[in-house]
Structures are given as structure tokens and as C-alpha cells.
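Chemist: Before we start, here is the structure in question, set down as C-alpha cells.
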Amino acid sequence: MKKYNQIAAAVFACSLLLGFTGCKPKNAASAVSSDAAAKVYVAPGKYDEFYNFVSGGFSGQMSVYGLPSGRLLRVIPVFSVDPEKGWGYSEETKPMLNTSHGIVPWDDLHHVQLSKTNGEYDGKWVFGNANNTPRVARIDLKTFRTAEIIELPNSGGNHSSPFITENTEYVIAGTRFSVPPDDQNGDVPINTYKQNFKGTISFISVQKDNGAMDIAFQLQCPGVNFDLSRAGKGVSHGWFFFSCYNTEQANTLLEVNASQKDKDFIMAVNWKKAEEYIKAGKGRKQSVKYAHNVYSDITHSATSTIKTEVTVLDVKDFKDICYFFPCPKSPHGCDVSPTGEYIVGSGKLAALIPVFSFDKLQKAIAAKDFIGDFDGVPILKYESVLYGEVKKPGLGPLHTEFDNKGNAYTSMFVSSEVVKWNIKELKVVDRVPTYYSVGHLTVAGGDTKTPNGKYMVAYNKITKDRYLPTGPELSQSAQLYDISGDKMQLILDYPTIGEPHYAQIVSADLIKKNSLKFFKMEENKNPYFSNGEGGTKVVREGNKVHVYMTAIRSHLTPDNIEGVKMGDEVYFHVTNLEQDWDVPHGFAVKGADNGELLVMPGETQTLKWTPDRVGMFPMYCTDFCSALHQEMSGYIRVSPAGSNTPLLFSTGKNYPAADTTKKK
Ligand code: K7E
Ligand code: CUA
4 MKKYNQIAAA VFACSLLLGF TGCKPKNAAS AVSSDAAAKV YVAPGKYDEF
54 YNFVSGGFSG QMSVYGLPSG RLLRVIPVFS VDPEKGWGYS EETKPMLNTS
104 HGIVPWDDLH HVQLSKTNGE YDGKWVFGNA NNTPRVARID LKTFRTAEII
154 ELPNSGGNHS SPFITENTEY VIAGTRFSVP PDDQNGDVPI NTYKQNFKGT
204 ISFISVQKDN GAMDIAFQLQ CPGVNFDLSR AGKGVSHGWF FFSCYNTEQA
254 NTLLEVNASQ KDKDFIMAVN WKKAEEYIKA GKGRKQSVKY AHNVYSDITH
304 SATSTIKTEV TVLDVKDFKD ICYFFPCPKS PHGCDVSPTG EYIVGSGKLA
354 ALIPVFSFDK LQKAIAAKDF IGDFDGVPIL KYESVLYGEV KKPGLGPLHT
404 EFDNKGNAYT SMFVSSEVVK WNIKELKVVD RVPTYYSVGH LTVAGGDTKT
454 PNGKYMVAYN KITKDRYLPT GPELSQSAQL YDISGDKMQL ILDYPTIGEP
504 HYAQIVSADL IKKNSLKFFK MEENKNPYFS NGEGGTKVVR EGNKVHVYMT
554 AIRSHLTPDN IEGVKMGDEV YFHVTNLEQD WDVPHGFAVK GADNGELLVM
604 PGETQTLKWT PDRVGMFPMY CTDFCSALHQ EMSGYIRVSP AGSNTPLLFS
654 TGKNYPAADT TKKK
């Protein structure tokens with residue numbers, strides 16, 4: 004009876020609660036709009052309308068989804084090795100992961116940025132940052148592969164990166180951790196932060212035609228933490244904005260010591276001015292060491308070059324490059340509206356969202372409306388730059404994007420919601436819960452001059468009860484909202500690969516028309532290319548055995564190899580002879596201690612193998628390429644060191660068995 008009463012009381016309480024909203028986020032079922040299924044349904048055989056490029060966080064990868072379906076289309080290894088694609092395992096791709104520290108096969112990729120022309124996505128490339136060992140990568144959207152990686156000297160924690168100017172003139176990368184410059188003694192007491200530590204911002208130039216990157220120059224700035232950044236656009240083209248925290252210049256227990264001040268800064272950078280000084284030869288040449296890695300779709304190989312010089316401007320010596328203006332409470336996101344007029348600072352610990360005016364910024368600079376300086380960089384007066392404040396938006400604002408109707412969308416980590424507010428009026432007009440603890444959000448085209456305004460996606464840190472349990476770690480997740488109406492509507496959950504930070508959404512039409520179907524055989528300039536099966540051979544050079552191999556449905560040539568000996572290094576150079584879309588062949592050999600190859604049509608890739616024992620080793624194609632895929636295999640025989648087994652290779656025939664039992 005007592006039990007019955009408890010249940011009845013609980014039912015009563017629940018039905019009471021159902022009458023109210025807002026006590027706590029509604030659960031999944033009740034928060035989804037009734038027509039959600041129809042809105043995200045992409046019928047079998049139909050394409051999605053958008054590509055969604057999503058950072059993989061500590062997986063070092065980027066993943067590609069279709070929207071609105073949430074279908075996972077591809078995972079792109081960027082700063083990571085990937086056994087699925089042989090990336091980082093083939094001899095040709097290993098140099099992509101080289102750094103001044105040697106091969107670093109992992110990183111922490113937070114932000115993706117699509118290349119832009121005139122402030123709009125142009126569909127050529129997508130860039131990603133390595134937060135740990137500072138690097139910026141360029142992914143070619145013809146191949147969906149990493150084409151170039153450049154390391155950044157004078158940096159530690161490349162977080163406010165890789166943000167892009169309106170015409171991809173520059174990819175900008177600000178250091179998260181200030182550090183002593185690379186050409187100075189870093190072996191100093193940590194508590195000399197204020198004297199010895201500097202914050203460096205790199206300007207990476209991007210060639211218009213082929214995307215080739217180079218560090219054009221660096222700005223040496225005061226020692227603070229640069230968190231995020233955005234380029235100006237439209238009226239503010241030529242400027243860049245960085246959120247700064249730890250203006251306390253603390254070097255220990257930052258959670259307390261870097262949260263002392265009521266306001267930190269946003270740093271406004273006049274990069275056109277900096278460019279002028281560089282052109283006028285005002286930069287200082289600094290000797291440093293950084294890797295520049297380039298992948299060629301003609302040689303199908305990467306080269307890594309160690310570079311030794313950068314040009315640096317110390318901003319305190321040039322009074323018109325950098326300006327600080329105050330921004331409350333350790334700003335994280337620093338986002339620029341579609342017109343370029345408004346700059347939104349998201350103070351993680353602030354109870355409001357300040358919106359700054361570019362026009363007022365210009366006037367304040369002209370009027371020298373300074374309240375002092377910070378390490379030689381002038382500080383503008385808060386009120387002189389402020390357009391206004393969004394009051395009581397929620398708790399823990401992180402990032403803001405924009406739609407095409409004058410609204411902004413800010414993610415609220417602590418109150419776990421997305422808040423929509425009107426830019427002109429600075430009024431909150433809608434809010435929706437996220438499940439749970441949203442980090443970045445993105446609107447389709449949300450950082451361009453003309454956002455699409457159809458969808459917004461929240462990228463969440465915590466998913467608790469949203470997915471089937473998968474042991475101690477649960478899936479990270481994205482949530483898709485329809486923002487075409489006045490009210491935001493949750494329409495889909497989809498899990499992500501790795502921890503998602505920033506992501507971008509671009510019209511599929513822009514990307515799919517450029518997608519490469521296969522590599523042309525006649526353009527293959529890999530030095531180990533086999534031009535047809537007639538070009539296959541096995542060549543011994545000392546203890547190196549080069550196998551020039553081809554793959555075509557459904558055999559390897561050669562598929563019988565003898566005469567390899569203990570102590571040899573074997574290089575399988577596999578050329579895929581197919582000239583058709585979506586017919587890769589794979590290659591693997593028993594006991595290989597690195598991985599497999601996955602070779603695209605028309606491409607050559609190399610697997611290095613050092614046999615560890617005498618015997619017979621099967622090798623085979625790893626990609627199910629035809630009905631006779633299982634037949635696509637062969638043997639390689641390994642004989643003892645010093646044996647006289649002759650070097651033989653064949654496909655489709657047998658040599659007379661050589662008598663190798665007798666010593667010569
Ligand atoms: Cu907000 Cu690294 Cu862009 Cu993640 S950062 S959330
Ligand atoms: Cu080629 Cu399976």
C-alpha cells in the first residue's frame with residue numbers, strides 16, 4: 004500500500020511537471036518537433052544538400068557528413084595516421100607528419116575553415132589547425148585528402164587558428180600558450196613569464212591557384228593567451244580580431260589566476276598595415292626551424308622540407324598595427340557579423356554578451372581614445388568601442404554565428420543551450436536546450452557574408468543519456484536544428500568521430516562538381532610507377548628489394564616472389580591500373596609492422612616490409628574490389644640470409660623449381 008502511494012505521488016508530481024516547461028531541459032522525445040523525421044529524411048539514392056566538415060578534436064582528423072541526414076561520408080586523416088586509408092603508413096605519406104620534432108603522428112584539431120573568395124566559400128580547400136604541435140593543414144576538396152601541412156615556429160598551442168581572410172589572402176594562426184621566442188633561450192624559470200614569454204601570430208599566405216602555403220610573416224605580441232579569432236569582412240576587411248585571456252600573465256593555476264580581471268581583451272589587428280611594413284622591409288629575420296610538407300597528386304608522394312627563417316614584426320615598435328579593447332571575463336569566441344560591422348565577444352564567465360562596433364573602433368583609434376597600454380600596445384576605452392550588450396543571454400557563452408535575417412546564435416556551455424538574439428536590438432528572441440553542454444555551433448555559411456540560414460548545428464561535449472552506452476566513454480555528438488522559422492527546432496542527433504569543436508556547412512553543389520574521380524595513369528610521375536603489367540619487376544639494390552607491382556581486377560603482378568632474404572628491406576610499390584571511379588585496391592602482407600596500403604585508381608603507393616623470419620608470407624588485396632577479390636592474392640618467400648635462392652617473380656606461370664638445398 005505504501006509502495007502504491009509512492010507511485011501515485013510520483014505520477015501526480017510528473018503530471019504536474021508536464022504542465023510546466025523550463026524546470027529542466029525536456030527529454031529527447033518531447034523536444035523534437037513532430038515533422039523532424041520528414042525534414043532530415045534523404046531518400047535512399049538521393050544526395051544531401053550540404054556537406055558538413057567537422058573537426059575531430061583529439062583524434063587529429065576531420066570528418067565529413069551529409070546534411071540534413073547526418074550521414075557520415077568520410078573521415079580525413081590530417082595530423083593522424085589512418086589504417087583505413089594507409090595514411091601515414093605508406094612511404095609516400097609518412098613525410099606529411101614530419102615536424103621539427105620528427106614525425107608527430109597525432110594532434111588535436113579544433114577548427115576547420117573553408118577557403119573563401121570575396122567572403123563566400125569557394126569550395127577549393129578546407130584548413131585545420133593542430134593545437135598541440137603547432138601546424139596548419141590544407142585539405143584539397145578535389146581529393147578530400149591532406150595536401151599540405153606547415154609547422155609554426157614561435158608558437159605553443161596553435162588554438163586561435165586557422166582563421167581566414169575574405170579572399171583567403173592569409174590563414175591566421177595565433178598561439179594559445181605564450182612562450183619564449185624560438186631563437187631565445189627557453190631554458191628560463193617559468194616564473195619569468197612576464198619578461199620572457201611572447202604571444203606570436205602567424206600570417207600564412209595562400210597561393211590563389213594551387214593553395215600553396217608559406218609563412219608570410221609573424222607578429223610578436225605581448226605574452227597572453229590567444230584563444231580564438233576571426234577575420235574582418237566587408238567594412239572590416241583588412242582587420243583581424245583575436246580574443247585574449249590570461250592578460251594577468253599567470254603561469255600557474257590559470258583557472259584562478261587567469262580569472263582575476265573583470266575584463267581581458269580583444270586584440271584588433273590591422274593586417275593591411277602590417278603587410279605594408281613587411282613590404283617596406285621593416286621585418287626582422289629570425290632564425291627558426293619548422294617543417295613544410297607538401298603532397299603531390301602527380302608524384303603521389305609527400306616531401307618534407309625544414310625551413311629556417313621567418314620575418315617578424317614586434318608590434319610594440321609599430322604603433323598602428325595592434326590595439327586592445329577590453330572584453331569581459333576571459334573571452335573565448337570572437338566572431339564577426341556578416342556585414343563585418345559587429346564583433347561579438349563571448350566571455351566564458353560573463354553574464355552578458357558585448358557587441359563591438361567596427362565603426363566606433365575606427366573612430367576611437369582616430370581620436371586616440373586610449374586608457375593606457377599593455378606591453379606597449381594601446382588599450383581603447385570599452386565604452387568607445389562598444390555597440391551594446393546582450394543582457395542575461397544565458398550562462399557560459401562560447402561561440403556565435405549568424406543567419407541571413409540579422410540574428411546571431413550563441414552557444415551557452417554552462418546553461419547548455421543555444422540562444423538566438425537580434426544583432427541590432429541586442430534582444431534575445433529564442434532559446435533551445437542542447438543535450439548537453441554545447442561547445443561550438445555552426446550555421447550553414449555562418450561565417451560568410453551571406454549565411455544560408457536554413458540549419459544550425461550544435462556540437463556537444465556531453466551526451467549522457469542520448470545514445471546506447473558504449474563503456475566508460477560515450478559518443479560525442481552533433482545536433483541539427485531547423486532555424487528557418489522564428490523558433491529553432493531540434494530535428495536530428497548524430498554522433499561524431501572524435502570530439503567536435505568547430506565545423507562548417509557548405510552547399511554540396513559547390514564541392515561535388517570538383518570532386519576527382521581517379522588519377523590519370525599518364526600523369527603518374529611516382530618514381531616507382533609501373534606502366535602496365537609489362538612494367539612490373541623486382542629489383543635488388545644491396546639489401547633493399549624493390550617490388551614494382553600492379554593491381555587490377557583481380558590479380559597482383561607479380562603474385563609469386565622468391566629470393567627475398569632475412570636482412571632485406573622489401574618495398575612494395577603498388578600501382579593501381581584501374582581508370583574508373585571508386586575502384587581502389589588494397590595491399591597487405593603478413594607480419595608487416597606498419598599497416599596496409601589503399602591505392603586509388605591511377606596512383607602508386609609503397610609499403611615497406613622487413614621480414615622477421617624465414618618462411619612463406621601471403622599477401623593480398625584488402626579492398627573488396629570484384630567477385631574474385633578473394634583471389635587477388637599471392638605469396639612471397641623469405642629465405643635465410645646468405646642463401647642462394649634466386650630472385651624470381653611471376654604471375655600466371657611457374658619457373659622450374661630451383662634446387663636451393665645445395666650450397667654453391
Ligand atoms: Cu570552443 Cu578549441 Cu574552438 Cu572547442 S574551442 S568548444
Ligand atoms: Cu583488389 Cu580486392
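Quick note on numbering: the sequence shown equals residues 4 to 667 in the working numbering. All residues carry an ideal CB built from backbone N, CA and C; glycine is no exception. Quick caveat, the model's predicted, so the values are computed rather than measured.
1) By the three-class DSSP mapping on this structure, what secondary structure does Lys656 have?
2) For the 8 angstroms Cβ check, are there 3 or more pairs between the region 281 to 296 and the region 148 to 168?
3) Spatial neighbours of Ser239 within its chain, please: CB distance less than 6 angstroms, with the 5 preceding and 5 following residues excluded, ordered by chain position.
4) Closer than 6 angstroms by C-beta to Val227: which residues in its own chain qualify, once you throw out the five before and the five after it? Chain order, please.
5) Would you mind listing the beta strand (DSSP E) stretches within the region 18 to 102 that are 3+ residues and don't spill past its ends, in chain order?
6) Is it the case that the CB of Leu352 approaches a heavy atom of the ligand K7E more closely than 7 angstroms?
7) As a quick exercise: from Asn194, Glu94, Phe244, pick the residue whose alpha carbon is nearest that of Leu256.
8) Considering only the beta carbon of each residue, do Pro503 and Tyr462 sit closer than 8 angstroms?
9) So, for Lys42: in the same chain, excluding its five sequence neighbours on each side, which residues have a beta-carbon less than 7 angstroms away from its beta-carbon?
10) With burial defined as no fewer than 16 other Cβ atoms inside 10 Å of the residue's Cβ, what is the status of Ile204: buried or exposed?
11) Could you work out which residue in Leu316, Ser299, Ile514 is closest to Gly284 when comparing CA atoms only?
12) Sort Val107, Gly89, Lys49, Gln116 by Cα distance to Asn55 and report the nearest one.
13) So, under 8 angstroms CB-CB, Ala630 and Phe590 are touching, yes? Tell me the CB distance rounded to an integer number of Å.
14) Here's the rule: buried if 16 or more other CB atoms are within 10 angstroms of the residue's CB, otherwise exposed. What is Lys452?
15) Flag Gly442 as yes when its Cβ comes closer than 7 angstroms to any non-hydrogen atom of the ligand K7E, and as no otherwise.
16) Taking the alpha-carbon positions, what's the Ala369 to Asp323 distance?
17) Any heavy atom of the ligand K7E inside 7 angstroms of the beta-carbon of Tyr531?
18) Would you grab the beta carbon distance between Val602 and Gly618 for me? Rounded to a whole angstrom, and I think it's under 8 angstroms.
19) Counting along the chain, where does the alpha helix (DSSP H) carrying Phe3 start and finish?
20) Tell me the DSSP bridge mates of Pro621?
21) Please classify Val93 as buried or exposed, where buried requires at least 16 neighbouring CB atoms within 10 angstroms.
22) By alpha-carbon positions, which one of Pro587, Lys568, Asp571 ends up nearest to His558?
23) Would Asn579 pass as a contact of Phe652 if the rule is Cβ separation under 8 angstroms?
24) May I ask you to list the residues that DSSP assigns as paired with Ser246?
25) With a CB to CB cut of under 6 angstroms and the five nearest residues on each side skipped, what residues in its chain are close to Tyr658?
26) Quick one: which unbroken alpha helix (DSSP H) runs of 4-plus residues sit fully inside the region 478 to 516? Chain order, please.
27) So what's Ser304 in DSSP terms, helix, strand or just coil?
28) Do Thr178 and Ser118 have their C-beta atoms closer together than 8 angstroms?
29) Apply the 10 Å Cβ neighbour rule to Glu404 and answer buried if 16 or more other Cβ atoms are within range, or exposed otherwise.
30) Taking all protein chains shown into account, do 16 or more other C-beta atoms lie within 10 angstroms of the C-beta of Gly655, making it buried, or fewer, making it exposed?
31) Under a three-way DSSP split, which group does Leu650 fall into?
32) How big is the Cα-Cα spacing for Lys319 and Pro225?
33) Could you tell me whether the Cβ atoms of Leu112 and Val129 are closer together than 8 angstroms?
34) DSSP three-state label for Ala277, please.
35) What first and last residue would you give for the alpha helix (DSSP H) that runs through Asn199?
36) For the ligand CUA, is there a heavy atom less than 7 angstroms away from the beta-carbon of Phe575?
Modeler: According to the structure shown:
1) Here DSSP, grouped into helix, strand and coil, assigns Lys656 to coil.
2) The region 281 to 296 vs the region 148 to 168: in contact.
3) Excluding positions up to five away in sequence, the list reads Gly343, Phe361.
4) Contacts found: Gly202, Cys247, Asn249, Thr250.
5) Correct list: 53 to 58, 64 to 70, 74 to 80.
6) Incorrect: Leu352 has no Cβ contact closer than 7 angstroms to the ligand K7E.
7) Taking only the C-alpha atoms, the option nearest Leu256 is Asn194.
8) Against a cut-off of 8 angstroms, the Cβ pair of Tyr462 and Pro503 comes out as a contact.
9) Scanning its chain for C-beta atoms nearer than 7 angstroms, with the 5 sequence neighbours on each side dropped, one finds around Lys42 the residues Pro71, Asp485, Ile494, in chain order.
10) It is buried - the Cβ of Ile204 has at least 16 other Cβ atoms within 10 Å.
11) In terms of CA proximity to Gly284, Leu316 leads the group Leu316, Ser299, Ile514.
12) When only C-alpha atoms are compared, the closest one is Gln116.
13) Not really, about 19 angstroms apart at Cβ, beyond 8 angstroms.
14) Classification of Lys452: buried, given that the 10 Å Cβ count is 16 or more.
15) Answer for Gly442: yes, Cβ within range of the ligand K7E.
16) Their backbone Cα atoms lie some 10 angstroms apart in a straight line.
17) With a cut-off of 7 angstroms, the C-beta of Tyr531 is classified as distant from the ligand K7E, since no heavy atom of the ligand falls inside that distance.
18) In fact, because the Cβ distance is near 26 angstroms, the residues do not count as touching under 8 angstroms.
19) Look at the range of the chain in this structure, 4 to 667, and you will see that residue 3 is not part of it.
20) Paired residue(s): Tyr638.
21) Looking at the sequence provided, one finds Ser at residue 93 rather than Val. Burial call: buried.
22) It is Pro587.
23) Taking 8 angstroms as the Cβ cut-off, Asn579 and Phe652 do not qualify as a contacting pair.
24) Paired residue(s): Ile269.
25) Leu651, listed in sequence order.
26) You should have 511 to 515.
27) Of the three classes helix, strand and coil, the one that applies to Ser304 here is strand, per DSSP.
28) Thr178 places its beta carbon 8 angstroms or farther from that of Ser118.
29) Around the Cβ of Glu404, a 10 Å sphere holds 16 or more other Cβ atoms; the residue is buried.
30) With fewer than 16 other CB atoms across the displayed protein chains lying within 10 angstroms of its CB, Gly655 is exposed.
31) If DSSP states are grouped into helix, strand and coil, Leu650 belongs with coil.
32) The straight-line gap from Cα to Cα measures roughly 8 angstroms.
33) Cβ atoms of Leu112 and Val129: not closer than 8 angstroms.
34) Here Ala277 sits in helix by DSSP.
35) Element bounds for Asn199: 196 to 199.
36) No, the ligand CUA has no heavy atom inside 7 angstroms of this Cβ.
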